[in-house]
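Start counting at 1 in the sequence shown, then tack on 4, and there's your number in the working numbering.
Cβ coordinates follow ideal geometry from the N, Cα and C atoms, glycine included.
Below is one structure; the comments refer to it alone.
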Amino acid sequence: MKTRITELLGCQYPLIQGGMAWVAEHNLAAAVSNAGGIGLIAGGSAPIDYLREQIRLCKEKTDKPFGVNIMLMSPNAEDLAQLCIDEKVAVVTTGAGNPGKFIPAWKDAGIKVIPVIPSVALAKRMEKAGADAVVAEGTESGGHIGENTTMCLVPQVVDALSIPVIAAGGIADGRGVAASFMLGAEGVQIGTRFLASEECQIHPTFKELVVKAKDTDNVVTGRYTGHPCRNIKTKFAKMLANGEKDGSLTPEQFEEVTLGSLRKAVQDGNVEEGSFLCGLIAGMVNEIKPCKDIVEEMMAQAEKLLNR
Ligand code: TUI
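In structure tokens, the structure reads:
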């Protein structure tokens with residue numbers, strides 16, 4: 005399991021945890037890093053003081069490398085980007101935009117830069133801008149998504165770039181990891197599987213929804229806002245999807261009712277008004293386990309399959 009990703013990031017396994025907004029905090033990040041992967045703390049749209057504290061708490065829980073995800077649509081992305089430099093974060097991943105303008109300063113600070121991208125065109129721009137690797141994220145992922153699937157996107161990005169590619173979207177066991185490697189990826193990003201981990205701090209109701217979800221309990225909402233989002237199919241998510249389809253909810257009304265809905269899901273487990281962002285693979289996630297078991301079982305299964 006040694007690839008250019010383990011070499012680049014100095015970790016045991018070529019696995020990074022998804023930078024899930026509101027979800028990925030220091031307990032989860034430290035647990036994944038201690039398990040031999042790369043844990044991430046989500047910047048999301050958090051205040052700078054919150055993220056600084058999370059980074060410092062994570063440093064207390066692990067001496068292994070970990071990273072921060074910068075959500076580029078956040079109004080304070082610029083401040084959070086600078087914080088990563090000030091706090092000497094080892095790795096930065098980015099989502100929901102083009103991080104080009106931040107890359108030179110991060111590189112100068114010795115930070116490994118890994119943009120999450122949904123297309124070949126953006127992947128090429130990121131390589132030119134100096135990224136160390138990219139995460140090619142398929143539409144199977146939870147949260148804000150692109151249109152291409154992991155199966156189609158990953159090999160095309162691998163063919164187009166020289167830097168290593170990490171596959172994301174729909175990977176939750178060793179079969180997914182092995183398949184990603186077959187597509188040419190040199191690492192995987194795992195989000196949904198870690199929602200059902202012991203160290204993940206989301207509300208128990210959220211974990212229960214993930215564990216109980218079947219293959220069809222998933223829906224994409226908000227395509228008409230320009231920010232499509234993949235969620236667990238709760239009554240609230242169905243209402244949003246129907247409102248979008250039949251025109252009974254304008255894009256403005258959609259924005260209004262979803263404002264703060266991720267926090268309501270993660271912190272309150274509010275199924276009436278919360279958005280439970282979650283990948284399509286949740287149907288296969290049936291058990292809450294420690295991150296160490298998740299990582300080790302996934303990697304052992306992948307290794308066995310790849311050695312066949
Ligand atoms: O970013 C994610 N997933 C996310 S971010 C998030 S928080 C959020 N809240 C409200 C609205 C939107 C997001 C929840 N889940 N994944 C990585 C990702 N990046 N998926 C898609 C993209 C992306 C999209 C467009 C990356 C770059 C991009 O570039 C556009 C451009 O500027 O060229």
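Counting C-beta atoms within 10 angstroms of its own C-beta, Thr254 has fewer than 16 neighbours from the protein chains shown and is therefore classed as exposed. Distance between Gly287 and Lys293, taken at the CA atoms: about 16 Å. Counting only beta-carbon distances shorter than 6 Å to the non-hydrogen atoms of the ligand TUI, the qualifying residues in chain order are Ala25, Met75, Met77, Gly99, Ala100, Gly101, Asn102, Val120, Ile121, Pro122, Leu126, Glu141, Gly147, His148, Ile149, Gly150, His231, Leu281.
Remark: three or more beta-carbon pairs, one from each stretch, lie closer than 8 Å, so the region 60-80 and the region 42-50 are flagged as touching. Here Ala81 has Ile74 as same chain residues with Cβ atoms under 6 Å from its own Cβ, once five neighbours each way along the sequence are excluded.
For Gln305, the closest alpha carbon among the candidates His231, Ala164, Val224, Arg179 is that of Arg179. Where Ile107 is concerned, there is no enclosing beta strand (DSSP E), although the alpha helix (DSSP H) around it starts and stops at 107-112. DSSP, reduced to helix, strand and coil, places Met130 within a helical segment of the structure shown. Here Asp136 is buried. Its C-beta has 16 or more other C-beta atoms within 10 Å. Counting only residues of its own chain and dropping the five nearest sequence neighbours on each side, Arg129 has a CB closer than 8 Å to the CB of Asn102, Gly104. Distance check between Tyr17 and each of Gly173, Leu266, Val192 places Val192 closest, using alpha-carbon atoms only.
Contact between Gly150 and Pro122 holds, since their C-beta atoms are separated by about 2 Å, short of 8 Å.
Per DSSP, reduced to three states, the secondary structure at Ser37 is helical. Annotation for Ile52: the continuous alpha helix (DSSP H) segment containing it runs 52-65.
Our two residues, Ala100 and His231, have alpha carbons roughly 9 Å apart in a direct line. Scanning Leu266, Asn311, Glu307, Arg227 for the CA closest to the CA of Met24 turns up Leu266. Between Val158 and Val124, the CB-CB gap reaches or exceeds 8 Å. Here Ile42 carries a strand assignment [DSSP, helix/strand/coil]. Under the three-state reduction of DSSP, Gln193 is assigned to strand.
Three or more Cβ pairs closer than 8 Å define a contact, and the region 245-260 meets that threshold against the region 221-228.
Listed in chain order, the non-local C-beta contacts of Lys249 below 6 Å within the same chain number zero, local neighbours out to five positions each way being set aside.
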